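My numbering numbers the first residue of the sequence shown as 1303 and each following residue consecutively.
For every residue, glycine included, the Cβ atom is placed at its ideal position computed from N, Cα and C.
No experiment lies behind these values; they were computed from the predicted model shown.
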Amino acid sequence: MGPFRTLYLDMNSFFASVEQQLDPSLRGRPVAITAMEKPVGICVAASYEAKAFGVRTGTPVQEARRLCPGLAFRPSRHRLYVCFNLKIADVLDRHAELERIRSVDEFQLGLSGDATSLEGATRLVSVLKVAVAREVGPCLRFSAGIGPNHLLAKIAGKLEKPNGFQWLSPENMPDRLAHLALDDLPGISRAMKARLELAGIRDVPSLCRLDPRHARAIWRSVEGERFVRALQGEPIPLMRTKRGGFGNSKVLAPEFRDPRAAYLVSRWLVEKAVARLRRDGRVAAVFSLYIARMGAHSLRQDMTCAASQDGLRVTCANFLTMRPDPVHDLVLMNPPFSGTHWMRHVRHAFDFLKPGGTLRAILPASAEVNETQAHEKFRAWAECHGPGWRGLWRDLPPESFAEVGTNIATVILTLHKPAA
Ligand SMILES: [Mg+2]
């Protein structure tokens, strides 16, 4: 057995590479990805061709244009990047032992047998590079790192970009990292760097030599001890982090800063978070909204809710051609108002109720009062199923739907299916 246990893969310029893969006219060209639909705000990613001009994540769009006049801008398509992430994960898993997807563009693999030696791991990385290029696309390249644990593998994976391969082990440590600043290491924030400096630790070699118990004191947590032990090459496993929640945030472009537009953006963010919640089979018990305002106090509102998940299944089909499955406790409907189409819709929807179920339909007020033969016949049918004539129809307040541009008078029809 060789000394290496973990292989870490970091996709190069991932978002821009996906765009280049899908649009051949972008290949070999500088590309920047923006958070907004239009090229405003900041760049959230850049292709290697753009990076050569100094365009980076966080570069303002205006500045990026100045640095690189031929730069192509594309809006970020996060769902698409997640699909590519899963495709790559699938390929890796077929050729090696995929331990964990670490982020949208990072993967952690376990090494065993022959692949624990430098030669074996080098061969495995070549196999994976060819497989990803062939099965996902030649624009998708990655840098790889190996180490005796996940921390050193991750640091190694970031040493050489693009398309690099590096290794770290007690054999070349800490010299191989001596050129890095403390906060170049994953897990060392600027605040932690300041704390380390206060304790007299000013460079990576001193951090590597630190007594792990001293690290625990500086971090004020066992994490410090684990971090330094991992840096020293011990086989420290990655702790399973407990997910605290699902969230999304966005910096609002100027045109989205009035409350109505901001509300729509917040709904979109909630939908994105809920999609992930649903995918993981979780339910929500607390909902939090956080708004940071420039030059003013931030706002935060938490709301506890009954553990819930929408569990919606959306079917796109012509409703009238769907075969009724009488399994539903409740049908809520807003059928088409034109002509008397709503009559057929309500009668069809009624067949979706199980015995004892309830149907509520929003209908034009004419449904209750028009005296055509069709109306009379519909009301006679409805009466058989309603809770008695008095409770069957209920007026909605005038102009209930004015906000969506209609002032039509409306009623709610309630029907109960008899219990079996
Ligand atoms: Mg990357």
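Run through DSSP, which three-state label would residue i get?
| i | result |
| --- | --- |
| Val1588 | strand |
| Thr1302 | With the chain represented from 1303 up to 1722, any question about residue 1302 goes unanswered, as that position is not in the structure. |
| Phe1375 | strand |
| Thr1660 | strand |
| His1643 | helix |
| Gln1534 | coil |
| Thr1424 | helix |
| Phe1558 | helix |
| Met1494 | helix |
| Asp1653 | coil |
| Thr1623 | helix |
| Ile1335 | strand |
| Arg1602 | strand |
| Ile1593 | strand |
| Ile1457 | helix |
| Cys1370 | coil |
| Cys1607 | strand |
| Ala1669 | helix |
| Glu1473 | coil |
| Ala1347 | strand |
| Leu1484 | helix |
| Asp1697 | strand |
| Pro1362 | strand |
| Ala1686 | Looking at the sequence shown, residue 1686 is not Ala but Cys. In this structure, Cys1686 counts as helix in the three-state DSSP scheme. |
| Glu1462 | coil |
| Val1434 | helix |
| Cys1618 | coil |
| Arg1478 | helix |
| Arg1329 | coil |
| Phe1317 | helix |
| Asp1392 | helix |
| Ile1739 | As displayed, the chain neither begins before 1303 nor continues past 1722, which places residue 1739 out of reach and without an answer. |
| Val1342 | coil |
If you measure between the beta carbons of residue i and residue j, is that distance less than 8 Å?
| i | j | result |
| --- | --- | --- |
| Pro1332 | Val1357 | yes |
| Val1429 | His1397 | yes |
| Leu1500 | Leu1509 | no |
| Ser1319 | Arg1436 | no |
| Thr1712 | Ala1651 | no |
| Leu1715 | Ala1684 | yes |
| Gln1603 | Leu1591 | yes |
| His1647 | Pro1638 | yes |
| Leu1655 | Lys1719 | yes |
| Thr1424 | Phe1306 | no |
| Gly1304 | Gly1422 | yes |
| Ala1587 | Leu1579 | no |
| Glu1401 | Gly1412 | yes |
| Ile1457 | Leu1479 | yes |
| Tyr1350 | Pro1440 | no |
| Ala1347 | Thr1359 | yes |
| Phe1467 | Ala1433 | no |
| Ala1354 | Cys1345 | no |
| Asp1312 | Gly1549 | no |
| Pro1326 | Phe1375 | no |
| Thr1308 | Gly1489 | no |
Could you pull the DSSP bridge partners for residue i from this structure?
| i | result |
| --- | --- |
| Ser1405 | Glu1408 |
| Tyr1565 | Partner(s): none; Tyr1565 has no beta bridge. |
| Thr1716 | Arg1662 |
| His1630 | Leu1655 |
| Tyr1310 | Gln1410, Gly1447 |
| Phe1467 | Ala1446 |
| Glu1399 | Gly1412 |
| Met1635 | Ala1663 |
Any heavy atom of ligand 1 closer than 7 Å to the beta-carbon of residue i?
| i | result |
| --- | --- |
| Val1467 | Note that residue 1467 corresponds to Phe in the displayed sequence, not to Val. No, the beta carbon of Phe1467 sits no closer than 7 Å to any heavy atom of ligand 1. |
| Asn1314 | yes |
| Asp1407 | yes |
Would you say the beta carbon of residue i is closer than 7 Å to some non-hydrogen atom of ligand 2?
| i | result |
| --- | --- |
| Asp1486 | You won't find ligand 2 in this model; what it holds is ligand 1. |
Checking contacts by CB at 8 Å: is residue i closer than that to chain C?
| i | result |
| --- | --- |
| Leu1509 | Among the protein chains of the structure shown there is no chain C, as only one such chain exists. |
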